[in-house]
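K.L.:
This is the structure I want to talk about, given as structure tokens.
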Amino acid sequence: PSELHGVLCGRLAAGSRIDEPEWLAMVCEHMGLADEAAEESDDLAPFMNSAYGKTLKQLQSTDMSFQPLLPDDDYAIEQRLEALVAWVRGFLEGMALAAGASLGQAPDEIRELIEDMVAISQLSEDEESDDESEQQLLEITEYVRLGALAVFTEFNEPEKPAGDSPTLH
């Protein structure tokens with residue numbers, strides 16, 4: 798789930814929007830399901846479409862409430878690191894699919910952030926877990942979260958507030 802959410806966030810952050818058939822095909826592919834699975838299940842399409850909408854809203858929100866889809870603190874640090882690495886790999890994949898060569902024209906801060914995410918995507922859970930590694934994981938997760946929001950802000954037009962319709966005279 799983390800990698801799929803990362804791919805979705807990467808595509809959305811890079812300015813792409815995905816129509817329902819393509820999104821459901823992505824879901825089935827990442828989950829190892831047959832393409833017909835979304836049509837055969839009464840629950841999968843509505844659930845995944847809702848997840849898509851919520852993710853886009855969180856990325857667009859000015860309250861910075863967006864959170865990558867990762868296991869909570871009840872899971873072992875190795876599992877959380879593995880999920881974070883999968884999410885970052887998915888995010889990079891989604892950005893590359895959506896933005897491609899235009900990522901090279903991004904501002905220096907965004908290119909540096911992408912380089913950092915590439916390094917994060919290569920982390921392994923070989924190290925001993927202790928309080929220090931727990932703190933490092935929290936810091937890396939927060940960096941990734943804020944980085945995803947920065948990329949989204951760079952490649953997407955700000956949302957117009959609902960009440961801001963042009964005044965006619």
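With our numbering, letter number 129 in the sequence shown gets 926, and the count goes up by one each step, no holes. Idealized CB from N, CA, C, for every residue including glycine.
#1: Using a threshold of 8 Å, state whether the C-beta atoms of residue 855 and residue 863 are closer than that.
#2: Would you mind listing the alpha helix (DSSP H) stretches within the segment 810 to 890 that are 4+ residues and don't spill past its ends, in chain order?
#3: Check residue 947 in the structure and name its three-state DSSP category.
#4: When the Cβ atoms of the segment 875 to 887 are set against those of the segment 902 to 922, are three or more pairs found closer than 8 Å?
#5: Does the distance from the CB of residue 948 to the CB of residue 861 come in under 8 Å?
#6: Please return the same chain residues whose Cβ sits closer than 6 Å to the Cβ of residue 812, not counting the five positions on each side in sequence.
#7: Does the contact criterion of 3 or more C-beta pairs under 8 Å hold for the segment 824 to 838 versus the segment 863 to 872?
#8: If I follow the unbroken alpha helix (DSSP H) through residue 909, where does it start and stop?
#9: My output table needs one value for residue 939: the three-state DSSP class, helix, strand or coil.
#10: For residue 890 versus residue 807, is the C-beta distance shorter than 8 Å?
P.N.:
In brief:
#1: Along the sequence shown, one-based indexing puts residue 855 at 58. Along the sequence shown, one-based indexing puts residue 863 at 66. Contact flag set, yes.
#2: 817 to 828, 834 to 837, 841 to 857
#3: Translated into positions along the sequence shown, residue 947 becomes position 150. It is helical.
#4: yes
#5: Translated into positions along the sequence shown, residue 948 becomes position 151. Translated into positions along the sequence shown, residue 861 becomes position 64. Taking a C-beta distance under 8 Å as the contact criterion, residue 948 and residue 861 do not qualify as a contact pair.
#6: Stepping through the sequence shown from its first residue, residue 812 is reached at position 15. Excluding positions up to five away in sequence, the list reads 952, 953.
#7: no
#8: Translated into positions along the sequence shown, residue 909 becomes position 112. 905 to 917 is the extent of the alpha helix (DSSP H) around residue 909.
#9: Locating residue 939 in the sequence shown gives position 142, where the first residue counts as 1. Three-state result, residue 939: helix.
#10: Here residue 890 corresponds to residue number 93 of the sequence shown, with the count starting at 1. Here residue 807 corresponds to residue number 10 of the sequence shown, with the count starting at 1. Cβ atoms of residue 890 and residue 807: closer than 8 Å.
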